[in-house]
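For reference, the structure is listed below as structure tokens.
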Amino acid sequence: MPPEMLLLAALDGLAYGSLIFLVAVGLSLIFGVLGIVNVAHGSFYAIGAYVAAAGVLALGAAGLPTWLAFPTLLIAAALVGILVGGLVEIALLRRVYGKEEVLQLIVTFAVFMILEDAQKVVFGVQPYFANAPMNWLGTVEVFGIFYTTYQLILMPLVALAVLVGLRFFLRRTSFGRAIVAVTQDREAATAMGIDAARVYLITFIIGASLAALGGALASATTSLTPGIGAGTLVLSFAVAAIAGLGRIEGAAVAALLIGLGRSAAVYFAPEFDVLIPYLIMMVVLLVRPQGLFSTVQTRKV
Amino acid sequence: MSGVILEADDLHLRFGGVQAANGASLKVAANERIAIIGPNGAGKTTFINLCTGYLKPQSGRVVFNGQDVTRLSPRAITRLGVGRSFQIPQLFLDNTVIDNLLLALSAREGSWSPFTPMLRHPKAEEMWALLDLVGLKETGNRIVRELPEGMRKLIDIAVALALEPKLIFMDEPTSGVSSTEKFQVMDTLTRVLDARATTAVFVEHDMDVVARYANRVAVWAGGRIAHQGTPEEILNHPEVRETVIGVGV
Amino acid sequence: MARQLVFGAALIAALAVFPLFSPWSTVILTVALCEGLAALGIMVLLRAGQVSFGHGLFFSFSAYAVAFMAAAKVGHEALVLIPVGMAASGLLAAIVGLFVVRYRAIFFGMLNLAISMVFFSLLEKLFSITGGADGKRVPRPTFAGVEFGREQFELATFYVTLVLCILAALFVARYLLSPGGKALEAIKSNETRLEYLGVSPRKVLYGAYLLSGLLAGLGGAIIALVSGHVTPELAYWVRSGEFVFIAILGGIGGVAGPFLGALMFQIIRGYAAVYAPETWHAVLGVMLLVIIFFAPAGLYGIVAGKGGKAQREEGGR
Ligand SMILES: Nc1ncnc2c1ncn2[C@@H]1O[C@H](COP(=O)(O)OP(=O)(O)OP(=O)(O)O)[C@@H](O)[C@H]1O
Ligand SMILES: [Mg+2]
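Protein chains in written order, with the numbering used here: chain V, 144 to 444; chain D, 160 to 408; chain W, -4 to 312.
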């Protein structure tokens, strides 16, 4: 493989890792607080992507300036998180907290089935492509290779901002501290007067918005087709699993690893593109069999 | 005293900032009744967890019947003949009481034929008899989840006894039992243990029970034995009276 | 128990005579039974509190095994192809099981999903071997040495399937009542105590996994024969999700549940094809939620007229 290809693969991996980080950190956050692995998480990514793409295309059709696309991506992500995520939490998840794990899995799986079809109904099955924001930012040259500014700089920057922002939010703000308190000891936190129901709802919305943000960012770089949700779920689960529960920095590292691994694999065997998330996850779990939310604690008996 | 059946030697285990076992050692001779006493957090349960394979020590070793079992799983140690009941009963809550016992029986007998319903196990009567012995025969067909904590504790012990262990660890066997019934429960248990020549190590907070049913007492503090001796010596030991029993001299 | 036996017998009798009056239903009913078999396998795992989003793997593996053998004219005989296909899936489950029984809950579900999706991709991409997305045709084999016409073949296959389903259901019912079945439930309720009984939860789950793979494999082998065609779709996660749906819809309280669920599933599919062809998985999702929240014991719980819990103790039909 020529060195330029290697570099290209690495840059691709960085961009892709940034996206996966956004989705995975949302999944991990939700698991940490609610104790539920949200199988429908990939759908938030997909819906975020579609809504953002639709918004950007509408901007273009209305002849508005292209820079408006960037706030549109953010707004799309927040809207999806609040409306779709909020609805799912209030209508369904609320009813299964503390129930059998298998029940929670099946409920979020049902949500996944519903949202996958909902996308097809709302957005159709034709590919969506809204790359105006990416083109608008132009390209940069790295060692003789031209790469889009959007992927090389903007996407990693957003991921970094989310990483730093989340850390700050969880450690320095009172609501963030309340989330951490609920994660560590639900009962004690409730006794201290923290409204656990509100913490759950807002955490879920934040997590869902992060997934949607990942999708919104991705929408400018790739054409959207039905079914992107499933692969994303698997990849983000793999990242959350490697990193360990609630490990935000860990998720960043894991996402980067998986992003690089994936883009390398894509360069080697492009026809097996869809297979790669699954293979990565199998390898990860094979290597770390203890159940990966790494702080494995023996149950007190 | 006959031969040593279990020897725990200098066990260490640290959880984050807590040294839960800090040089814990104990020799158990066959047919002894050893009571472990000590304040909350002294590391009594941790010691049982280490001896039965649930936790692995960072250093030290456990020898049962001449065999090093330090690194074995609870499963393997159980099969060697070490039984255990839990501070918080560990039962199959959605099953009936008799189902809990019959599964223990099936495990002991290795009866895994998929064609024979467990309720029709050829030795099922033995389990009903065991239930009767601990005074819980009427609850046999009840779902465990519906029963009060005190009964669950007894069932938990009965499940351990169903395996016919040579040595049994019991973690606070009387803690859920009302004070008026404690002696009755302990009388029954002692009878069963005597009849089967089962050695027992039990954690106990009630000093009356200790005085009456133990023939040796180990005082736990800070993850190790601080004192040991006969119940008489220990319960009259001024330091123990102050720190553990909470009565000044 | 008596009520359950009567109910089971009624269900079998109804199934046995139905195709005689309405020949169009033969294939649909056979397909339902095949999916019921796979769902029965899911139900076994659900007893241990585990859910697999990837049993399409075993369903499709035996189906493709049958397709390859039939195409290669090896054992061009239905009564050979079915057990061999089933055994192939059993073998695969024996290998995959070594790996997956070490995991629980979401890890178990996702790993099964991942492995089945790898297989799905292989089926799609290795065009020269598998025929890619178009799949493979399965030439109609002989049946007990006889070259049947299409209708007789379908009818004969249906009755063989019905008998196999009854045998499988009876076996699973027995197994669930046996100590092994109780140990399986113990994985859901308390693995610690199971360990302290000297029992290996992994071994117990491994046995159940093997059984579930065999059941899905049996269903897949038969479906390849009756539909005369196999495609990668048999391995897709949506298919695996349908098995979970069927098991929950039917109820896991008794072995008749998955078959009831599978019959209902065919009815829903029939209506959905007319009224909601684009959104039919969404319909399934909504129904899944409705069952979980309003009828957690499933159809079986409703028909058997018992709460979910009490009948769970009985295990059988
Ligand atoms: N799995 C664990 N993880 C972290 N810390 C633990 C764990 N198990 C025990 N500890 C800690 O180790 C110390 C000893 O606990 P242990 O349960 O052995 O005490 P104990 O003597 O049985 O007390 P009690 O009388 O309250 O049952 C305690 O500080 C406890 O918090
Ligand atoms: Mg204790």
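For every residue, glycine included, the Cβ atom is placed at its ideal position computed from N, Cα and C.
Everything numeric in this text was worked out from a predicted model, so none of it was measured.
Suppose you measure from the CA of L217 (chain V) to the CA of A359 (chain V); what does that come to, to the nearest Å? By one-based count along the first sequence, residue 217 (chain V) stands at place 74. By one-based count along the first sequence, residue 359 (chain V) stands at place 216. Their backbone Cα atoms lie some 8 angstroms apart in a straight line.
So which residues of chain W does K263 (chain V) contact, with C-beta pairs closer than 7 angstroms? By one-based count along the first sequence, residue 263 (chain V) stands at place 120. Within 7 angstroms Cβ-Cβ: E273.
Among V:S366, V:V307, V:G267, which residue has its Cα nearest to the Cα of E273 (chain W)? By 1-based counting over the third sequence, the position of residue 273 (chain W) is 278. That would be V:G267, whose Cα lies nearest to the Cα of E273 (chain W).
Rounded separation between C29 (chain W) and F122 (chain W) - CA only: Counting from one through the third sequence, the residue named residue 29 (chain W) turns up at place 34. Counting from one through the third sequence, the residue named residue 122 (chain W) turns up at place 127. In a straight line, the C-alpha of C29 (chain W) is about 27 angstroms away from that of F122 (chain W).
Any C-beta of chain W sitting closer than 8 angstroms to the C-beta of I249 (chain V)? The count along the first sequence starts at 1 and reaches residue 249 (chain V) at position 106. At least one chain W Cβ lies under 8 angstroms of I249 (chain V).
On a CA-only basis, which of V:V426, V:V444, V:V342 is nearest F174 (chain V)? Give me that one, please. Counting from one through the first sequence, the residue named residue 174 (chain V) turns up at place 31. Selected option, being the one with the closest Cα: V:V342.
If contacts are defined as beta-carbon pairs under 8 angstroms, then K314 (chain W) and V221 (chain W) qualify, I think. What distance do you get, rounded to the angstrom? Here chain W comprises residues numbered -4 to 312, so residue 314 (chain W) is not present and cannot be evaluated.
Helix, strand or coil for I297 (chain W), going by three-state DSSP, please let me know. For this step, residue 297 (chain W) is matched to residue 302 along the third sequence. Helix at I297 (chain W).
Beta-carbon contacts of V228 (chain D) that lie in its chain and below 6 angstroms, excluding the five residues immediately before and after: Residue 228 (chain D) sits at position 69 when you count from the first residue of the second sequence. Excluding positions up to five away in sequence, the list reads V221, I236.
Which parts of the stretch 125 to 183 of chain W are runs of the alpha helix (DSSP H), unbroken and 4 residues or longer, counting only runs that do not cross its ends? Runs of the alpha helix (DSSP H) inside the stretch 125 to 183 of chain W: 145 to 172.
How many angstroms separate the CA atom of G228 (chain V) from the CA atom of L200 (chain W)? Your numbering for residue 228 (chain V) matches position 85 in the first sequence. Your numbering for residue 200 (chain W) matches position 205 in the third sequence. Each residue's Cα considered, the two are about 35 angstroms apart.
Closest by C-alpha distance to A196 (chain V), when choosing among V:A219, V:A183, V:F411, V:I349: Taking the first sequence and counting its residues from 1, the one referred to as residue 196 (chain V) is at position 53. For the residues V:A219, V:A183, V:F411, V:I349, the minimum Cα distance to A196 (chain V) belongs to V:A219.
Proximity test, D338 (chain V) beta-carbon vs ligand 2 heavy atom, cut-off 7 angstroms: Taking the first sequence and counting its residues from 1, one reaches residue 338 (chain V) at position 195. No, Cβ of D338 (chain V) sits at least 7 angstroms from all heavy atoms of ligand 2.
Nearest to G162 (chain D) by alpha carbon, out of D:N224, D:K282, D:L290? Within the second sequence, residue 162 (chain D) is the residue found at index 3, counting from 1. Taking only the C-alpha atoms, the option nearest G162 (chain D) is D:N224.
Counting only runs of 4+ residues fully inside the stretch 344 to 386 of chain D, write out the alpha helix (DSSP H) ranges in chain order. 366 to 372
Is F245 (chain D) near ligand 1, going by C-beta to nearest heavy atom under 7 angstroms? If you number the second sequence from 1, residue 245 (chain D) lands on position 86. Result no, Cβ not under 7 angstroms from ligand 1.
Is L10 (chain W) buried or exposed, if buried means 16 or more other CB atoms sit within 10 Å of its CB? As a first step, residue 10 (chain W) must be located in the third sequence, where it is residue number 15. It counts as buried.
Nearest chain D C-beta to K68 (chain W) closer than 8 angstroms, yes or no? Position 73 of the third sequence holds residue 68 (chain W). Taking 8 angstroms as the threshold, the shortest C-beta distance from K68 (chain W) to chain D does not fall below it.
Do we get a CB-CB distance below 8 angstroms when we pair F245 (chain D) with the residues of chain V? Here residue 245 (chain D) is taken as the residue at index 86 of the second sequence, counted from 1. Judged by the 8 angstroms Cβ criterion, F245 (chain D) is in contact with chain V.
Report yes or no: is there a C-beta of chain V within less than 8 angstroms of the C-beta of M160 (chain D)? For this step, residue 160 (chain D) is matched to residue 1 along the second sequence. In this prediction, M160 (chain D) scores a pLDDT of 47, lower than 50, which makes its location untrustworthy; no coordinate-derived value is stated.
Taking a cut of 8 angstroms between CB atoms, which residues from the stretch 56 to 87 of chain W lie near chain V? none
Going by the CB atoms, is the gap between A192 (chain V) and A361 (chain V) shorter than 8 angstroms? Taking the first sequence and counting its residues from 1, one reaches residue 361 (chain V) at position 218. Taking the first sequence and counting its residues from 1, one reaches residue 192 (chain V) at position 49. Closer than 8 angstroms, so yes.
Quick check: the Cα distance between G302 (chain W) and P291 (chain W), rounded to an integer number of angstroms? As a working note, residue 302 (chain W) is residue 307 in the third sequence. As a working note, residue 291 (chain W) is residue 296 in the third sequence. With a pLDDT of 45 at G302 (chain W), under the threshold of 50, the modelled position of this residue cannot be trusted, and the question is left open.
Comparing C-alpha positions only, which one of D:Q387, D:A354, D:L252 sits nearest to K312 (chain D)? Numbered from 1 along the second sequence, position 153 holds the residue referred to as residue 312 (chain D). Cα-wise, what sits closest to K312 (chain D) is D:L252.
State yes or no: is the beta carbon of Y213 (chain D) nearer than 8 angstroms to at least one beta carbon in chain V? Position 54 of the second sequence, counting from 1, holds the residue named residue 213 (chain D). Output row for Y213 (chain D): interface = yes.
With contact counted as at least three CB pairs below 8 angstroms, one residue from each stretch, are the stretch 97 to 110 of chain W and the stretch 410 to 425 of chain V in contact? yes
Could you pull the start and end residues of the alpha helix (DSSP H) that L326 (chain D) belongs to? Taking the first residue of the second sequence as position 1, residue 326 (chain D) is located at position 167. Looking at the DSSP string, L326 (chain D) is not in any alpha helix (DSSP H); the run it does join, the beta strand (DSSP E), is 326 to 330.
Less than 7 angstroms separating the Cβ of F174 (chain D) from some heavy atom of ligand 1? For this step, residue 174 (chain D) is matched to residue 15 along the second sequence. Within the cutoff, so yes.
Return no unless some Cβ of chain W is closer than 8 angstroms to the Cβ of M286 (chain D). The residue labelled residue 286 (chain D) in the question sits at position 127 within the second sequence. No, M286 (chain D) does not count as interfacial toward chain W.
Going along chain V, which residues have a C-beta under 8 angstroms from V249 (chain D)? Translated into the one-based positions of the second sequence, residue 249 (chain D) becomes position 90. It is Gln, not Val, that sits at residue 249 (chain D) in the sequence shown. Result: V444.
So, does the CB of K177 (chain W) fall closer than 8 angstroms to a CB anywhere in chain D? Translated into positions along the third sequence, residue 177 (chain W) becomes position 182. Yes, K177 (chain W) counts as interfacial toward chain D.
State the CB to CB distance for the pair F153 (chain W) and T21 (chain W), rounded to an integer number of angstroms; the pair is presumed to be in contact (CB under 8 angstroms). Counted from its first residue, the third sequence places residue 153 (chain W) at position 158. Counted from its first residue, the third sequence places residue 21 (chain W) at position 26. Confirmed, about 5 angstroms.
For the stretch 273 to 290 of chain W and the stretch 55 to 72 of chain W, state whether three or more C-beta atom pairs, one from each stretch, are separated by less than 8 angstroms. Three or more Cβ pairs closer than 8 angstroms define a contact, and the stretch 273 to 290 of chain W falls short of that threshold against the stretch 55 to 72 of chain W.
Beta-carbon proximity check, M310 (chain D) vs T298 (chain D), cutoff 8 angstroms: Numbered from its first residue, the second sequence carries residue 310 (chain D) at position 151. Numbered from its first residue, the second sequence carries residue 298 (chain D) at position 139. Result yes, Cβ atoms of M310 (chain D) and T298 (chain D) sit closer than 8 angstroms.
For M298 (chain V), count neighbouring C-beta atoms within 10 Å of its own C-beta (all shown protein chains included) and say buried if the count is 16 or more, exposed if not. Locating residue 298 (chain V) in the first sequence gives position 155, counting from the first residue. Buried, because 16 or more other Cβ atoms sit within 10 Å of the Cβ of M298 (chain V).
Return the first residue and the last residue of the alpha helix (DSSP H) that D315 (chain D) is part of. To locate residue 315 (chain D), count along the second sequence from 1; it is residue 156. 308 to 321 is the span of the alpha helix (DSSP H), which, as asked, contains D315 (chain D).
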